[in-house]
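In the numbering used here, the protein residues as written are 1 to 352.
A short worksheet on the structure shown next.
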Amino acid sequence: MHDDSQDNEHSKKHKIGHLRVDNQGNATFKRLPTNQLVDALQLGIQHSVGGLEATPAHDVLYQDFLTIEIIHFPKAGKNTPKATPSHRFNDFIIRSYAPVAFRHFREKFNIKPEDYLSSICKPFRELKNPGASGSLFYLTSDDEFIIKTVQKKEAAFLKSLLPGYYMNVTQNQRTLLPKFYGLYCYQGENKNIRIIVMNNLIPSHIYMHEKYDLKGSTYKRRANSEERRKESPTWKDLDFMERHPNGLILDSETYDALAKTVKRDCRVLESFHIMDYSFLIGVHCPNVHRDSPKDSNVASGLSNDSSLVTAPSLRRMYSTPMANIQAEFEEHNKPDDDHLAKYVYCYLMKCF
């Protein structure tokens, strides 16, 4: 007798939220092939950013946060003043939200339009969804941008925050909050799929020996058995307290700079009435081989070895590593060669 329960269980393993994967590994999101979504998005961003560069720059006005650029992409293309190329998909629309404001954000973080397009228009690398929410996560091939699908309410919430977000990044460029570079919506095949482009929080080219997602709570704040089995697990508050009972020890100037930045960012989140966020910490031990056991000692300072710091062209993309926060301080407290140094990346992140 055929057991239907096995088929049902098998199908459940291949469906999370709007994301489905068949037995051949073909993925769809809201029943739209993900490769079609990616190609359409890349085409839309290229057209939006490229067209924006042809217009004179001006100071950001309040109305710029409310503007929505609507770009139609008929299958056969169009030869109007805002021409679009032909493509192999059915007609679709790309909505670009607050394009002038997001251009300003990219400029604030030293992202040139040509670099942004070069990153976005190359093949993406799909990431396994860490939150198991059924969202799509992609990483650009140069490791600099995260592309993520979001729900309608999340996109609306981000749009409502843009004026305050603008004030924050203008006044505090060393913010630890995530950096958002674009908000878009794909419309086609009777689907609406919203996408954000943001900075890659932890660079994949630097191995993180430890990662922590901290909320300042101990209730159910321990990594589960599935997470612990991963090659690079993300630990939680109780795990951090067990592994680092004395915390991560920083020199006084670095600590003061970090504390000042975190307090400022927390005030921003409070003004937005945001309570659900995490403090994400990545620890890289430069003197420890990737597969070596982790040393339980905590260094008394950060390593300032230039070979350990992300190149400026890449480092600017991340959400302010510790090296950026203490950039105004002179090099000091270098650990001895025989002393384990830990290079710490800290980020205050909103949990979308």
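Backbone N, C-alpha and C define an ideal beta-carbon position, used for all residues, glycine too.
Model, not experiment: these values are computed from the prediction.
- Residue environment for ALA257: buried (at least 16 other C-beta atoms within 10 angstroms of its C-beta).
- Among the bridge pairs identified by DSSP, ASN199 is matched with PHE145.
- Shown here, HIS72 sits in a strand according to DSSP, grouped into three states.
- With the rule of 3 Cβ pairs closer than 8 Å, the segment 163 to 172 counts as touching the segment 98 to 114.
- Assigned with DSSP and collapsed to three states, THR234 falls in strand.
- For ARG229, the secondary structure class from DSSP, reduced to helix, strand or coil, is coil.
- Three or more beta-carbon pairs separated by less than 8 Å link the segment 139 to 152 to the segment 185 to 201, which places the two stretches in contact.
- Within the same chain, Cβ atoms closer than 7 Å to the Cβ of HIS18 are found at PHE29, LYS30 and GLY134, the five residues on either side in sequence being excluded.
- In the displayed model, ASP213 falls within a strand according to three-state DSSP.
- Note that the segment 81 to 90 does not touch the segment 153 to 168; fewer than 3 beta-carbon pairs, one per stretch, sit closer than 8 Å.
- Excluding its 5 nearest sequence neighbours in each direction, HIS104 has C-beta neighbours in its own chain below 6 Å: VAL60, listed in chain order.
- DSSP, reduced to helix, strand and coil, places TYR219 outside both helices and strands of the structure shown, so it counts as coil.
- Contact between PHE272 and LEU162 is absent: CB atoms are separated by about 11 Å, not below the 8 Å threshold.
- In the DSSP assignment, LEU177 forms no beta bridge with any residue.
- Fewer than three Cβ pairs drawn from the segment 179 to 193 and the segment 234 to 241 lie within less than 8 Å of each other, which leaves the two stretches out of contact.
- Close CB contacts of THR149 within its chain, under the 7 Å cut and outside five residues either way in sequence, are with PHE29, SER135, LEU136, ILE193, ARG194 and ILE195 (chain order).
- Contact fails between the segment 118 to 128 and the segment 66 to 74, because fewer than three Cβ pairs, one in each stretch, are under 8 Å apart.
- GLU126 is bridged by DSSP to TYR138.
- Contact check between the segment 245 to 257 and the segment 214 to 229: fewer than three CB pairs, one atom from each, fall below 8 Å, which does not count as touching.
- In the DSSP assignment, SER278 falls within the unbroken beta strand (DSSP E) covering 277 to 284.
- Judged by DSSP in its simplified three-state form, ILE249 adopts coil rather than helix or strand.
- DSSP places PHE157 in the uninterrupted alpha helix (DSSP H) bounded by 152 to 171.
- Within the same chain, THR175, LEU176, LEU177 and LEU348 come within 7 Å of ASP265 by CB-CB distance, once the 5 residues on both sides are set aside.
- Straight across, the Cα-Cα distance linking GLY282 with ASN79 is about 49 Å.
- The residue among ALA155, GLY164 and HIS284 with its C-alpha nearest the C-alpha of TYR212 is HIS284.
- Counting the other Cβ atoms within 10 Å of the Cβ of TYR184 gives 16 or more, which makes it buried.
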